[in-house]
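The structure appears right after this line, and notes come after that.
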Amino acid sequence: SMWWGHVPAGAPDVILGIRDTYLKDPHPKKVNLGVGAYRDDDGKPFVLPSVRRAEEIIYEKCLNHEYGPISGEPPFTEACAKLAFGEKSKPLCEKTNATVQALSGTGALRLGFEFISRHYNKTREIWLPKPTWFNHPQICDAVCLPMKSYRYFAPKTLGFDVDGAVEDLSKAPEGAIVLLHACAHNPTGIDPKKHEWERLSKVIKERKLFPFFDMAYQGFATGDVDNDALAVRMFVDHGHEVMVAQSFAKNMGLYGERVGALTILCGDPETTARVMSQLKVIIRTIYSNPSINGSRIVQEILTSPELMKQWLGDVKSMADRVISMRKMLRSAIEAAGNKRTWNHITDQIGMFCYTGLNPEQVERLIKEFHIYLTKDGRISVAGITTKNVGYVAECMHKVTS
Ligand code: PMP
């Protein structure tokens, strides 16, 4: 190459790498539990009936394809904020939320971190739970924000280490930024309980830390969008001015449409207007304005009472299928006579289960049994079906006994 011969190869994406190996594997019983996308009971991608209906309605409207506003259509962003914060949320009533459309959850995180990197004048350190979604540190790196971590997962109990988290955060410097998974923590599937959220809120308040919520799975944890917004709404009630990154990839199955939103609570209308103007400056230089197809679908669903009702049912049906697969997987492993405890499979929530399998056991599952998952032992429960659950359980039993 004339110009690029010195460029080193970038690290391959772990999840997409798993998908490629899976696709090439000719074994008839192969199972992909790597990817974080919902599958129906035939292992097929699922288009929500409410989304199909919204698409039909939009098609019938014969809309044009003009540019949308830089920050997204106001009815769309308002509906997003209401979904996250609740209808009667004080900041929404006072209009002190700066909400913009973003390129799904990843784009919302990137935009939020970019905003922090340009305008934050307190301690520019992002505290991430340990472990966290692998892309969080990469995005922090991309905008040159230093990272720290706070304890989250307790290997002994396979649960949330609330004491460790509170202790670590109580040592964070004033003004540091704390990243919180609003619900359905990825990769562990373990969420703080209500009283544990209260403790987190308290230490974050006392230490004057800044809470940034990543809300990629609203509705997916419990099947109820309001339940899953508990932490965000509690923090707002406690007077925190939070930042929230929202995604519609999972809860509307709009993965490839790349539709999401970023909200910054600003405290007063003047600040809100200035923050909004700076968000638009950033958006303008990256992608100018957002895509309009996915957001039209979301807007149609969230602003039509009838479609909204249908969608809430669709979300619940996805969450319920995942919950029932957890039960079947656990009881099948136990029925095989496995001596370990497997209650964590049903205790954990959301799309993922942190199985507790070690790297050697994971390696065996992949090489001997053609079951694909990440090295940390995380499986996507959404990839389990009534047809493959027996095989997955049998193999998990074999590698752990
Ligand atoms: N945050 C977390 C914790 C996630 O697991 C994901 C999806 N894997 C995202 C954000 C963002 O996903 P997307 O960009 O597809 O909305």
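So the sequence shown is numbered by the UniProt record's numbering: it starts at 29 and just counts up by one.
Beta carbons are placed, not taken as given, at the ideal position from N, Cα and C, and that holds for glycine.
Looking at residue j and residue i, is the spacing between their C-beta atoms short of 8 Å?
| i | j | result |
| --- | --- | --- |
| Val190 | Pro220 | yes |
| Met304 | Ala273 | no |
| Phe216 | Ile377 | Position check: residue 216 holds Thr in this sequence, whereas Phe was assumed. No. Outside cutoff. |
| Leu91 | Arg286 | no |
| Thr374 | Arg349 | no |
| Ile310 | Ala126 | no |
| Thr402 | Gly71 | no |
| Val343 | Gly418 | no |
| Phe162 | Val42 | yes |
| Ile98 | Lys308 | yes |
| His372 | Leu186 | yes |
| Val420 | Val63 | no |
| Phe188 | Glu226 | no |
| Met271 | Ser229 | no |
| Leu111 | Trp339 | no |
| Val231 | Val194 | yes |
| His164 | Leu156 | yes |
| Asn279 | Tyr315 | no |
| Leu120 | Ala109 | yes |
Just curious, the alpha helix (DSSP H) that residue i is in, first and last residue?
| i | result |
| --- | --- |
| Arg312 | 297-314 |
| Ala39 | Careful: Ala39 lies outside any alpha helix (DSSP H) and carries neither H nor E. |
| Ser229 | 222-234 |
| Gly418 | 417-427 |
| Ile320 | It is not in any alpha helix (DSSP H) - Ile320 carries neither H nor E in the DSSP assignment. |
| Leu393 | 387-395 |
| Pro264 | The sequence given here places Val at residue 264; Pro does not occur at that position. Unbroken alpha helix (DSSP H) run through Val264: 258-265. |
| Val79 | 77-88 |
Could you tell me how far apart the beta carbons of residue i and residue j are, in whole angstroms, since I believe they sit closer than 8 Å?
| i | j | result |
| --- | --- | --- |
| Pro201 | Glu153 | 7 Å |
| Leu61 | Ser408 | 5 Å |
| Thr124 | Ala289 | About 16 Å separates the two Cβ atoms, so there is no contact after all. |
| Gly133 | Ala347 | Their Cβ separation, rounded to whole angstroms, is 18 Å, which puts Gly133 and Ala347 out of contact at 8 Å. |
| Leu385 | Val427 | 7 Å |
| Leu197 | Phe240 | Incorrect: roughly 13 Å between the Cβ atoms, too far for contact. |
| Gly96 | Val128 | Actually they are not in contact, since the Cβ atoms of Gly96 and Val128 sit about 11 Å apart, beyond 8 Å. |
| Lys158 | Ser177 | 4 Å |
| Cys294 | Glu269 | 7 Å |
| Gly281 | Tyr66 | 6 Å |
| Arg406 | Phe380 | 5 Å |
| His147 | Gln306 | 6 Å |
Mind checking which residues open and close the beta strand (DSSP E) that includes residue i?
| i | result |
| --- | --- |
| Asp242 | 238-243 |
| Ile407 | 406-408 |
| Met271 | 271-275 |
| Ala289 | 288-293 |
Threshold first: 4 residues or longer. Then list the alpha helix (DSSP H) segments lying entirely within the region 90-140, N to C. The region 90-140 contains these whole alpha helix (DSSP H) runs: 102-113, 118-121.
Touching or not, the region 254-263 and the region 317-327, by the rule of three or more beta carbon pairs under 8 Å? no
What residue ranges within the region 159-209 form continuous beta strand (DSSP E) runs of no fewer than 3 residues, ordered along the chain? 175-179, 205-209
Which residue spans inside the region 322-385 form an unbroken alpha helix (DSSP H) run of at least 4? 333-363, 371-375
Quick test of the definition: if touching needs 3 or more C-beta pairs under 8 Å, does the region 81-91 touch the region 326-346? Counting Cβ pairs under 8 Å, three or more are found: they touch.
Meets three-Cβ-pair contact criterion under 8 Å: the region 359-366 and the region 201-211: no
Beta carbon nearer than 5 Å to a non-hydrogen atom of the ligand ADP: Because the ligand ADP does not appear in the structure shown, any question about it cannot be addressed here, the ligands present being the ligand PMP.
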